[in-house]
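So the protein lines, in turn, are chains A and B. If you're matching positions, the first sequence starts at 469 in the numbering used here and goes up one per residue. If you're matching positions, the second sequence starts at 17 in the numbering used here and goes up one per residue. Report on one structure; see the data block that follows.
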Amino acid sequence: MGAGLTRSLAASTDLRPLALALLLLAAAPSAALARQDVDTLAAPSGVAAQLFRRYADRVAKVEVVEVGSGAKALTGSAFFVSGDGLLITNYHVVARLVADPDRYRVQLIDHGGTTRSADVLVVDVVHDLAVLETDPGHNDGYFTFATDPLDQGQRLYALGHPLELGLAIVEGTYNGLLKHSLYPRIHFTGALNPGMSGGPTIDAAGDVVGINVSTDGNEVSFLVPGTQAALLVAQVEAPGYRPPDDLTADVARQLRAYQRTYLGTLFTRNVPTTELGGATLPTDPAPYFNCWADADNDPDATYQNVVHRCSTDDEIFLAEDHWSGVIEFQHRVLTAAGMPSAQFYRIYQRAFAQGTDALDDGGDDVTDFRCITRNVHQGGARWRTAFCVRAYTQLDGLYDAVFRAALLGRPDTGIITELTLSGVTYDNAVAVSRRFFGLVKWKP
Amino acid sequence: MEAVAFVEVLDRRGQVRTRQPIVELPATIGRDYHNAVILDDRWASAVHARITRDAEGRLIIEDAGSENGLFRAGGGGRARQVAIDGAAVVRMGRTFLRIVDPSVPVPPALRYGARLPGFDGWLEAPAVAFTAAALVTAAAAWQAWAGHGDPSDSSSIVGATVTAVGVLVVWAGTWAFAGRGSAPGGRFLGHLTVASATALAFIGIITGAEYAAFLWPGARSVGAVTFAVAVILLALLFAGHLLINTRLRRGRLLATSVAIAVTAVTLVALSLSDGGGSDTGFSSTLKPLRATAIPTEDASRFFDQLPALKARVDSLASDTT
Chain A
469 MGAGLTRSLA ASTDLRPLAL ALLLLAAAPS AALARQDVDT LAAPSGVAAQ LFRRYADRVA
529 KVEVVEVGSG AKALTGSAFF VSGDGLLITN YHVVARLVAD PDRYRVQLID HGGTTRSADV
589 LVVDVVHDLA VLETDPGHND GYFTFATDPL DQGQRLYALG HPLELGLAIV EGTYNGLLKH
649 SLYPRIHFTG ALNPGMSGGP TIDAAGDVVG INVSTDGNEV SFLVPGTQAA LLVAQVEAPG
709 YRPPDDLTAD VARQLRAYQR TYLGTLFTRN VPTTELGGAT LPTDPAPYFN CWADADNDPD
769 ATYQNVVHRC STDDEIFLAE DHWSGVIEFQ HRVLTAAGMP SAQFYRIYQR AFAQGTDALD
829 DGGDDVTDFR CITRNVHQGG ARWRTAFCVR AYTQLDGLYD AVFRAALLGR PDTGIITELT
889 LSGVTYDNAV AVSRRFFGLV KWKP
Chain B
17 MEAVAFVEVL DRRGQVRTRQ PIVELPATIG RDYHNAVILD DRWASAVHAR ITRDAEGRLI
77 IEDAGSENGL FRAGGGGRAR QVAIDGAAVV RMGRTFLRIV DPSVPVPPAL RYGARLPGFD
137 GWLEAPAVAF TAAALVTAAA AWQAWAGHGD PSDSSSIVGA TVTAVGVLVV WAGTWAFAGR
197 GSAPGGRFLG HLTVASATAL AFIGIITGAE YAAFLWPGAR SVGAVTFAVA VILLALLFAG
257 HLLINTRLRR GRLLATSVAI AVTAVTLVAL SLSDGGGSDT GFSSTLKPLR ATAIPTEDAS
317 RFFDQLPALK ARVDSLASDT T
């Protein structure tokens with residue numbers, strides 16, 4: 469597990485197509501994983517060799533060093549975007565430094581082997597980008613960003629420092645944008661590996677089209693579009709720009725603004741519905757949601773289980789054990805097939821108690837949950853509703869919330885509907901839950 | 017010469033240690049060797065009490081001007097005199113004495129299998145004991161049956177049945193062993209009745225608490241009421257066992273039982289609360305009741321209450337940072 473980071477949402481991976489691993493190289497990488505990944509590195513073509521010769525100097529290795537021990541905690545990549553010492557990397561490469569600036573520092577090692585220190589100037593947590601600033605004394609060139617639209621299948625070249633093996637160039641192809649996310653991610657077919665996080669992916673002309681960010685394995689990799697980084701650079705280089713004093717407060721502000729956009733109109737109008745177990749339930753509320761359904765087909769089973777789940781792929785890295793930004797909901801219908809209601813309700817109650825468990829542990833970054841449980845009537849049926857919420861301890865005004873409802877009064881049918889909102893304001897958590905449940909109707 | 021009274025010195029369990037006929041009245045009782053009944057009790061006076069007849073000729077025992085006084089067993093203050101009226105148990109110093117009037121006939125012999133008189137007899141009736149134990153076992157089996165999802169698998173039901181029977185037998189047997197010698201025979205069944213009745217009551221209040229948590233999820237008092245009832249039941253459990261095994265006075269019996277129950281429940285509560293904040297307010301209890309039997313509020317009322325929760329989570333967050 470050591471190399472790269474895998475999501476810890478084990479319980480929810482059954483219906484989740486993407487299991488992203490960040491391209492971060494943390495301490496103690498797994499030797500087995502490293503060997504296997506090295507084998508898949510594509511052999512550079514003639515173009516790649518030329519690009520490498522020309523641009524290697526503009527890519528640096530990022531080391532996040534623990535101040536106390538002086539040892540590097542993790543490594544990533546970064547690239548120069550200006551002649552006066554600005555670099556772009558991923559937010560997740562420097563997240564520890566942002567959260568705990570007294571414990572960590574950042575240093576850059578360029579292709580020539582020179583080490584210099586750097587500061588985090590500003591971050592864009594939603595797009596997973598950060599701007600680093602180092603002393604402007606170097607004379608190397610810097611990258612510019614591509615502006616032309618890309619064609620599917622177009623050759624791209626990713627640069628970065630995989631697995632402490634030195635700077636590498638990886639050839640791959642552009643395969644469009646990720647569909648089920650509000651914020652764009654480029655689907656890059658090529659073997660990105662831990663340590664390449666924050667490195668540039670360029671076209672044959674040497675312009676940056678994306679920033680290496682994560683991989684799903686088997687050459688399915690993802691890039692932050694270069695246009696996002698270009699916007700961030702333009703913002704920093706604008707005259708009179710002042711970087712934020714408190715990066716953590718700025719991260720909280722960005723997340724609040726993000727969820728406002730995200731949730732503003734969610735579940736307000738024209739929400740498609742699906743019929744499940746006699747109820748009308750909301751589904752697929754926006755293009756950036758992805759829905760799946762699954763059912764047991766065991767004729768001997770004493771009860772039937774149908775699951776319908778929708779979620780976004782917009783996951784925002786906050787810390788190794790704390791991801792945010794995902795909106796997810798699930799409807800689960802349990803139907804007793806000749807099972808006595810006393811037994812059936814035990815199973816039903818267990819399923820209700822367990823829930824989807826879609827949220828990360830969150831470590832010390834979140835409080836414990838606090839809940840309100842009630843029995844209510846809504847849409848022609850009675851339900852047990854519970855609203856559970858926890859606060860972010862480091863990021864002001866942000867919460868994770870889970871709304872749950874279980875159908876009551878049917879001896880042989882149970883419907884559990886659950887909405888998980890992560891990284892939202894309290895008011896939005898309540899308002900979106902209210903709108904979501906308002907769409908639930910029972911048809912006798 | 018025919019005895020006009022008998023004085024029986026009782027042990028702590030109420031069993032007769034010595035029995036002495038009184039042939040002449042008045043007869044004195046005390047530590048002094050000139051008494052008709054001699055007590056080995058440092059808290060008894062030299063001449064402590066006197067058995068005699070009152071003006072109407074009834075047999076009585078009266079205080080002979082003792083230091084520490086004469087008491088009726090089972091409560092009440094210092095008595096100047098106590099009417100025997102067939103038989104009376106009194107305490108002087110730390111000695112319990114039963115004074116018996118032999119002219120009052122003894123009750124007829126019990127037939128084999130007949131119930132003992134009074135509450136004890138009811139407790140020890142085999143029909144009562146076995147019915148109570150059978151009900152507990154049935155309740156345990158039912159819980160196991162409802163709790164597992166596969167009706168064709170009976171192993172957990174058998175396991176629950178065997179466990180219930182085993183726990184009851186070991187528990188009642190331990191009390192019966194501890195109280196051996198306190199009374200002839202039958203004590204095991206009395207303990208079995210006490211244990212089974214308490215277990216049934218516990219199952220009852222747990223079930224009741226589940227339904228209460230289901231029907232009124234917002235009510236904070238459900239937990240406190242359940243806790244209080246559990247304390248009372250535990251006290252009754254120990255009181256029942258001690259009642260069978262000892263002849264302590266009622267007040268002390270009750271105090272001892274309550275002390276044991278409170279201590280036990282407090283220890284449990286402390287060990288549970290050690291985990292910290294286990295009560296999040298989420299109650300997942302679901303019961304197969306008819307919809308019309310479930311009190312509900314409008315969904316909008318539910319959402320209107322949610323902003324109140326914010327202050328509670330925010331205080332958690334400020335505690336952490």
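Don't be surprised by glycine CBs; every beta carbon is placed ideally from N, CA and C.
The beta strand (DSSP E) enclosing residue i, as first and last residue numbers
i: Pro-693/A; result: 688 to 693
i: Ile-815/A; result: Unbroken run through Ile-815/A is the alpha helix (DSSP H), 809 to 822; no beta strand (DSSP E).
i: Tyr-771/A; result: 771 to 780
i: Thr-657/A; result: 654 to 657
i: Val-870/A; result: 867 to 876
Local Cβ density within 10 Å of residue i, reported as buried at 16 or more and exposed below that
i: Tyr-559/A; result: buried
i: Asn-765/A; result: exposed
i: Lys-911/A; result: exposed
i: His-50/B; result: exposed
i: Phe-135/B; result: exposed
i: Tyr-860/A; result: buried
i: Pro-323/B; result: exposed
i: Asp-350/B; result: Since the first residue of chain B shown is 17 and the last is 337, residue 350/B is not available in this structure.
i: Arg-35/B; result: exposed
i: Thr-841/A; result: buried
i: Gly-831/A; result: exposed
i: Gln-811/A; result: buried
i: Gln-703/A; result: exposed
i: Ala-899/A; result: buried
i: Trp-138/B; result: exposed
i: Ser-300/B; result: buried
i: Glu-705/A; result: exposed
i: Phe-319/B; result: buried
For residue i, the nearest candidate out of the options (CA to CA)
i: Val-739/A; options: Gly-906/A, Leu-542/A and Ile-884/A; result: Gly-906/A
i: His-207/B; options: Ala-235/B, Ile-276/B, Val-185/B and Arg-96/B; result: Val-185/B
i: Asn-686/A; options: Ala-873/A, Leu-492/A, Leu-542/A and Phe-656/A; result: Phe-656/A
i: Ala-229/B; options: Pro-311/B, Asp-57/B, Ala-103/B and Val-120/B; result: Pro-311/B
i: Ala-176/B; options: Trp-191/B, Ala-160/B, Val-183/B and Thr-190/B; result: Ala-160/B
i: Ile-38/B; options: Gly-30/B, Val-284/B and Ala-52/B; result: Ala-52/B
i: His-776/A; options: Gln-798/A, Asp-768/A, Phe-757/A and Asp-782/A; result: Gln-798/A
i: Val-701/A; options: Asp-603/A, Leu-589/A and Ala-672/A; result: Leu-589/A
i: Leu-624/A; options: Gly-667/A, Asp-825/A, Gly-553/A and Tyr-726/A; result: Gly-667/A
i: Phe-690/A; options: Gly-640/A, Pro-707/A and Arg-721/A; result: Gly-640/A
i: Gly-575/A; options: Gly-621/A, Arg-850/A and Asp-603/A; result: It should be noted that the sequence gives Gln, not Gly, for residue 575/A. Of Gly-621/A, Arg-850/A and Asp-603/A, the residue nearest in Cα terms is Asp-603/A.
Within 8 Å, strictly: CB atoms of residue i and residue j
i: Arg-33/B; j: Val-23/B; result: no
i: Ala-922/A; j: Asn-680/A; result: In this structure chain A extends from 469 to 912, so residue 922/A is not present and cannot be described.
i: Met-807/A; j: Thr-770/A; result: yes
i: Val-834/A; j: Val-801/A; result: no
i: Leu-555/A; j: Ile-670/A; result: no
i: Ala-80/B; j: Arg-66/B; result: yes
i: Arg-838/A; j: Arg-328/B; result: yes
i: Val-566/A; j: Ala-747/A; result: no
i: Asp-117/B; j: Leu-151/B; result: no
i: Val-892/A; j: Leu-731/A; result: yes
i: Val-593/A; j: Val-692/A; result: no
i: Ile-115/B; j: Ala-19/B; result: no
i: Ala-614/A; j: Asp-675/A; result: yes
i: Asn-758/A; j: Ser-779/A; result: yes
i: Tyr-642/A; j: Leu-302/B; result: no
The alpha helix (DSSP H) enclosing residue i, as first and last residue numbers
i: His-257/B; result: 237 to 261
i: Glu-226/B; result: 203 to 231
i: His-648/A; result: His-648/A -> no alpha helix (DSSP H), and no H or E assigned at all.
i: Leu-144/B; result: Here residue 144/B is Val; the residue named in the question, Leu, does not match the sequence. Val-144/B -> alpha helix (DSSP H) spans 142 to 163.
i: Phe-904/A; result: 894 to 906
i: Leu-322/B; result: Unbroken run through Leu-322/B: none, as it is neither H nor E.
i: Tyr-709/A; result: No alpha helix (DSSP H) holds Tyr-709/A; DSSP gives it neither H nor E.
i: Ala-725/A; result: 715 to 731
i: Ala-176/B; result: 171 to 194
For this session: Jot down the residue ranges of each uninterrupted beta strand (DSSP E) in the stretch 589 to 634 of chain A, minimum 3 residues, whole runs only, in chain order.
Result: 597 to 602 and 623 to 628
Problem set entry | Length-filtered (3 minimum) beta strand (DSSP E) runs lying within the stretch 97 to 129 of chain B | 97 to 99, 103 to 108 and 111 to 116
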